Amino acid sequence: MKDEKQVNLSDMMGPFKMAGNLIFAGLAGDTAKLYNYLRDARNVLLSPMKTDIATTPYEVVYEEDRVKLKYYKPDTETRLKHPFLIVYAQVNRETMLDLQPGRSVVETFLRAGLDFYMVDWGYPTRKDRYLTLDDHINGYMDNIVDFILEKHNISSLHLMAICQGGTLSVVYTALHPEKIKNLITTVTPTNFDTDASLLNIWARSLNPDELVETYGNIPGDIMNLGFLLLNPARLMIDKYVGFLENVNNFDFVENFVRMERWIFDSPDLPAETFREFITNFYKKNLLIKNELEVGGKKVDLKKITMPVLNIYAKYDHLVPPAMCDQFIGKIGSKDKEDLCLDTGHIGIYVSSKTQKEFGPKIIRWLLERDGVVKKAPQKPAAKKPVVKKSQAKAKSPGK
Amino acid sequence: MNKEEKEKSMSQDTLLESWIKASTDFWKSTASMWPAPFGGISPVPGEAGKEGGDKSTEDSWKIFSEIWQALFNLINKPVTGEFHPESSLPEWMLKASQPLWSGYLLFQKQWMEGEEKVSAGGLEGFANLSQKMTKAWLEMYEKEFGQILNMPQLGLTRVYQERVNQTIEKFTQFQGALTEFVQFLLIPMEKAYLAVQEEIKNLEEQGKETLKDSKSSYQLWIRKLEENYMALLKSADYTEKLGETMKALHDYRVVRTQFLMDVLQDLPIPTNKDMDELYKDLYLLKKRVKELEKKVKSYER
């Protein structure tokens, strides 16, 4: 018998044979079944599909350089008294919030009568390589907020932020607290001193200066490759084996293609912004230590005193709970809440299960703090899916 | 060819031979005065290192000298009469490429030894052999070709030639680093396959039912693969290898950009450097205008 430690070239093909067998071996015994599978797969792949994403109508109300501001308005009467702004990350696109009917945060908000603005960071080109965090936070973001406030003739707005866009928004809120009425952070990294995510380990070993010199703006493809390498077995093999297993299922293929379109639609990241983000956040962890400076001003988290809802995901491999759960303890707000959902980084926005929890929770929380509906009394104990909930006693200062 | 022509030809050969010898001696003595890493060799073989030279630079000189001698032998052959490319060219090529062949043969020998060990079941696996061979190839490259590319260039085109050589060198180094990195990523594949074999064997030994179908085999394999990848990706070795690969990529892209900018100089196309300078000016101007706009707005209020 061959030594189990011995491997030759043909053995190296074993894994690939295994994946192939999974798809075809079960079918091979039954010629008719195999024929049907191939025929259906062909029909599915050749038939017209609706794979467009972000199909909900919106209006572009503000533009500055590559950055656009989208405005979504419900068919019904709007309910919020204060304008509502959503800031997405600069990595990947905000279209994730409107992936497909039935799995769309945009749709959920509109159905609840919320009108809102959403920042589209666009696709940076080489001329954007010198843009810093200060340019994005005190430049584009502040200009957008001022535009909205002026349009509504009001002094503050609700801000909801996603992932790295959340980090920018936390910095913005600390620098301009008077303009933010309520803050909602979702899967937002604020503490970078953890090994809970491979990204943190790798980012700390990166030399951002060399990368910037190598590429200028950091290509989205390079970042995507990094994300794939976080779990190659699942993201580069198992996912596509699953696709081949279900290639004869029209709905599955349509959804799969939509998700692929979103995942690999990644804008480049402006060089200087990347350099600052890796150095000041991943390497030095300055934000949570209150040592960060942006545009010559110190970012003090204690200046965040408005109501804050901080939502993150238990199985998030990009922004694990350890990167999110210190934030609430560092801010000056009294009305603040941590909510850890039983899902992953993307699942929080697109999984059909979370759609029933995530969107409705935000709508209720906002309407209560906007004075539209009466604030529900605080429940004494956290219940599923709330994993952790901080003490929330006082009303927001503005109420 | 008559007697007079023969004498004339011989005197030309002697003259050429003397020139070749003189020039060889000149470069050899000049090289001994060069500082490391390009020279510093002792003019007397075997005394390398006494004046800052080392064995590798002495070897480089030896290789260069052999190639030069091989070229000389070809040139020194009587060109009058019938030309026999089928005999003279292979001889020249053989001599000129002897140092390169010796390196290649050494590499091939190591490969054969590795293959033999794998066939005998004595080595850890294919990925391991592949890694060792890449390392051997890179070492051979560093000792042989790499040193030739780093030989000093002279004259008006020195800068450009150096950039071409650097681009070739850094590209090769990047390819080497990338190959090593990819091989690193293949290790979990092999380990997962072995783990599946081990698990099936254990089940058989315990008299338990082995994996029922392709699906359960695949599920076991993908689980083992995920575990092995997680172990690898969290390791310091991986982070180090990733860092080395990124560094090699950076070094290559920097020299490639310089090389391409040299090429673009002759074409009516702006280089990245030109455009970056322009973009920086534009960035600063826009920033200034926006600040002024804000100030004006605040005064208006």
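The listed protein sequences correspond, in order, to chains A and B.
Residue 600 is where the first sequence starts when you use my numbering, and the numbers rise one by one after that.
Residue 5 is where the second sequence starts when you use my numbering, and the numbers rise one by one after that.
Where a beta carbon is used, it is the ideal one built from N, C-alpha and C, also for glycine.
Note that the structure is predicted; figures quoted are calculated from it, not measured.
Check	Outcome
Report the rounded CA-to-CA distance for A/D668 versus A/N691, giving the unit in angstroms.	Checking the sequence shown, residue 668 of chain A turns out to be Leu, not Asp. C-alpha separation (whole angstroms): 16 Å.
What span of residues does the beta strand (DSSP E) with A/D937 cover, start to end?	935-940
Below 8 Å between beta carbons: does that hold for A/P673 and A/L709?	yes
Rounded to whole angstroms, what's the CA-CA distance from A/S951 to A/D697? Just pull it up for me.	13 Å
Is there a C-beta anywhere in chain B that falls below 8 Å from the one on A/E899?	In the sequence under discussion, the amino acid at residue 899 of chain A is Asp, which differs from the Glu named in the question. Not closer than 8 Å to any Cβ of chain B, the Cβ of A/D899 fails to qualify, so no.
Decide yes or no for the touch test of the segment 626-644 of chain A against the segment 712-722 of chain A: beta carbon pairs closer than 8 Å, at least 3 of them.	no
For A/G755 versus A/K726, is the C-beta spacing smaller than 8 Å?	Checking the displayed sequence, the identity of residue 755 of chain A turns out to be Ser instead of Gly. For A/S755 and A/K726, no; Cβs fall outside 8 Å.
For the beta strand (DSSP E) containing A/V846, name the first residue and the last one.	Segment: none, A/V846 is in no beta strand (DSSP E) and carries neither H nor E.
Cutting at 6 Å between CB atoms, please list the residues of its own chain near B/N169, excluding the five before and the five after it.	L153
Going by beta carbon distance, what residues of the same chain come within less than 8 Å of A/T793, once the five residues before and after it are set aside?	N799, P919, A921, M922
Roughly how many angstroms lie between the CA atoms of A/G946 and A/I877, to the nearest whole one?	25 Å
Once you ignore the five residues that flank A/T772 on each side, which residues in its own chain have a CB closer than 6 Å to its CB?	I779, L782, I903
Do you know offhand how far A/F842's Cα is from A/E853's?	11 Å
Is it true that the CB of B/E173 sits closer than 8 Å to the CB of B/G150?	yes
I'd like to know if A/W801 contacts chain B, where contact means its C-beta is closer than 8 Å to some C-beta of that chain.	yes
Taking DSSP as the reference, what is the three-state secondary structure of A/S768?	helix
Using the beta-carbon of each residue, which ones in chain B are nearer than 9 Å to A/L834?	The contacting residues do not exist; A/L834 stays about 10 Å from chain B at best.
Roughly how many angstroms lie between the CA atoms of A/D639 and A/F851, to the nearest whole one?	13 Å
Please report the straight-line C-alpha distance between A/R702 and A/Y814, rounded to a whole angstrom.	36 Å
What would DSSP say about A/F826, mapped onto helix, strand or coil?	helix
Would you say the segment 218-232 of chain B touches the segment 197-207 of chain B, given that touching needs at least three Cβ pairs under 8 Å?	yes
Which residues bound the beta strand (DSSP E) around A/E663?	658-663
State yes or no: is the beta carbon of B/V293 nearer than 8 Å to at least one beta carbon in chain A?	no
According to DSSP, is A/A912 helix, strand or coil?	strand
Check the Cβ of A/N830 against every Cβ in chain E and list those closer than 8 Å, keeping chain order.	This model lacks chain E altogether; the protein chains it does include are A and B.
Closer than 8 Å by beta-carbon distance: list the chain A residues that pair up with B/L246, in chain order.	W801, S804
Looking at chain A, is there any beta carbon in it that lies within less than 8 Å of the beta carbon of B/Y303?	no
Among A/D714, A/V769, A/R728, which residue has its Cα nearest to the Cα of A/D741?	A/V769
Since A/H757 and A/L965 are thought to touch, with beta carbons under 8 Å apart, how far apart are those beta carbons, to the nearest angstrom?	6 Å
Helix, strand or coil for B/K294? Go by DSSP, reduced to three states.	helix
I'd like the list of long-range same chain contacts for B/F178, defined as Cβ closer than 6 Å, with 5 residues on each side in sequence excluded.	A252, L253, Y256
Take every Cβ of the segment 232-240 of chain B, pair it with every Cβ of the segment 823-833 of chain A, and state whether three or more of those distances are shorter than 8 Å.	yes
With a cut-off of 8 Å on the beta carbons, I'd call A/N737 and A/V893 a contact; round off their distance for me.	7 Å
Could you check if B/L296 is buried or exposed, using at least 16 other CB atoms within 10 Å of its CB as the buried criterion?	exposed
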